[in-house]
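Reading through the structure tokens given below for one structure.
Numbering (UniProt numbering), first residue to last: 1 to 294.
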């Protein structure tokens with residue numbers, strides 16, 4: 001295996017092994033030593049790097065220019081303000097790495113092995129080829145620590161990255177997570193508005209929720225009508241759940257055949273249901289068309 005030992009490396013053979021310092025199996029490598037290593041590699045135009053051991057290493061502010069850090073171990077590494085340009089991290093491990101304020105420009109992340117728990121708050125990503133969402137894990141580390149503002153920011157960034165790549169399903173997923181983080185962050189009327197959107201349509205990403213919401217509304221009003229008086233062909237109808245459900249359905253959809261009509265208190269509930277039905281049908285059409293056309 002090629003060792004990439006630089007001729008001017010002051011760390012060569014410092015441990016008696018003759019191995020490259022970047023591959024030495026030691027956690028928490030120091031920033032100044034690593035900086036000298038990568039600067040030396042840059043001077044010799046060595047770009048293809050493999051199997052580097054940089055676990056918990058201090059890589060703050062280091063520049064990675066056109067370098068391929070294939071199969072490298074960057075778990076728990078401190079990459080704050082690091083600069084990646086035209087680089088590849090194929091097969092690399094970035095679990096729990098701190099990439100806050102780092103810059104990723106023209107970087108290929110599609111074949112990163114794992115990025116679970118990675119910290120990406122205020123990281124700048126330009127022309128990035130994003131990893132599969134499962135590589136990032138089910139949720140960001142900021143959610144576990146209730147840092148809703150940071151989580152919202154990162155989900156917004158991911159949403160835009162996947163949108164630019166035409167991955168609209170993934171973009172929609174991260175949009176939904178972004179809105180959920182906002183809902184947890186805000187209070188008062190804004191919280192209840194977002195909660196209503198979450199329950200009724202999944203922030204515009206789940207038309208099936210609108211269908212379920214409509215069925216529940218129809219069933220709820222049917223139960224109310226079954227205890228009130230309806231008129232069917234001039235004959236009063238009470239405690240008939242089947243007819244109440246039928247009347248609730250045509251009222252919700254504002255069809256209004258006229259064969260059954262409400263009297264007394266039932267008129268008030270029928271008016272409310274008709275209004276809710278109009279809004280719900282319009283919401284379903286909007287959400288469905290939004291998903292269909294993107």
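For each residue, glycine too, the CB sits at the ideal point set by N, CA and C. The model shown is predicted, which means the values in this text are computed figures rather than measured ones.
Per-residue DSSP class, three states only, for residue i
i: residue 280; result: helix
i: residue 203; result: coil
i: residue 50; result: strand
i: residue 119; result: strand
i: residue 236; result: strand
i: residue 158; result: helix
i: residue 27; result: coil
i: residue 133; result: helix
i: residue 228; result: coil
i: residue 103; result: strand
i: residue 114; result: strand
i: residue 4; result: Residue placement at residue 4 cannot be trusted, given a pLDDT of 48 that sits under 50; what the coordinates show is reported in the next sentence. DSSP places residue 4 in coil when its eight states are reduced to three.
Closest by C-alpha distance to residue i, when choosing among the options
i: residue 283; options: 202, 173, 149, 189; result: 202
i: residue 24; options: 51, 114, 146, 205; result: 51
i: residue 236; options: 259, 223, 215; result: 259
i: residue 78; options: 62, 92, 179; result: 62
i: residue 121; options: 142, 288, 194; result: 142
i: residue 185; options: 265, 147, 95; result: 147
i: residue 287; options: 243, 172, 157; result: 172
i: residue 57; options: 48, 97, 113, 175; result: 97
i: residue 102; options: 114, 82, 116; result: 82
i: residue 267; options: 86, 247, 191, 66; result: 247
i: residue 227; options: 272, 40, 59, 264; result: 264
i: residue 216; options: 187, 249, 145; result: 249
i: residue 55; options: 188, 28, 294, 218; result: 28
i: residue 33; options: 145, 60, 261; result: 60
i: residue 206; options: 285, 218, 188, 53; result: 285
i: residue 218; options: 188, 273, 294, 37; result: 273
Between the CA atoms of residue j and residue i - distance to the nearest angstrom
i: residue 200; j: residue 209; result: 6 Å
i: residue 183; j: residue 153; result: 13 Å
i: residue 197; j: residue 164; result: 25 Å
i: residue 220; j: residue 156; result: 37 Å
i: residue 151; j: residue 124; result: 15 Å
i: residue 242; j: residue 275; result: 22 Å
i: residue 13; j: residue 21; result: Residue placement at residue 13 cannot be trusted, given a pLDDT of 48 that sits under 50; what the coordinates show is reported in the next sentence. Between residue 13 and residue 21, the C-alpha separation is close to 9 Å.
i: residue 298; j: residue 212; result: Coverage of the chain is limited to positions 1 through 294, which leaves residue 298 absent and any answer about it impossible.
i: residue 135; j: residue 222; result: 47 Å
i: residue 177; j: residue 232; result: 48 Å
i: residue 140; j: residue 192; result: 24 Å
i: residue 43; j: residue 67; result: 13 Å
i: residue 174; j: residue 90; result: 23 Å
Short Cβ contact (8 Å threshold) for residue i with residue j
i: residue 88; j: residue 108; result: yes
i: residue 129; j: residue 92; result: no
i: residue 166; j: residue 290; result: no
i: residue 281; j: residue 253; result: yes
i: residue 181; j: residue 194; result: no
i: residue 170; j: residue 133; result: yes
i: residue 119; j: residue 95; result: no
i: residue 106; j: residue 127; result: yes
i: residue 85; j: residue 65; result: yes
i: residue 137; j: residue 116; result: yes
i: residue 224; j: residue 279; result: no
May I have a chain-ordered list of the alpha helix (DSSP H) segments no shorter than 4 residues that lie completely inside the stretch 60-91? Fully enclosed alpha helix (DSSP H) runs of 4 or longer: not present.
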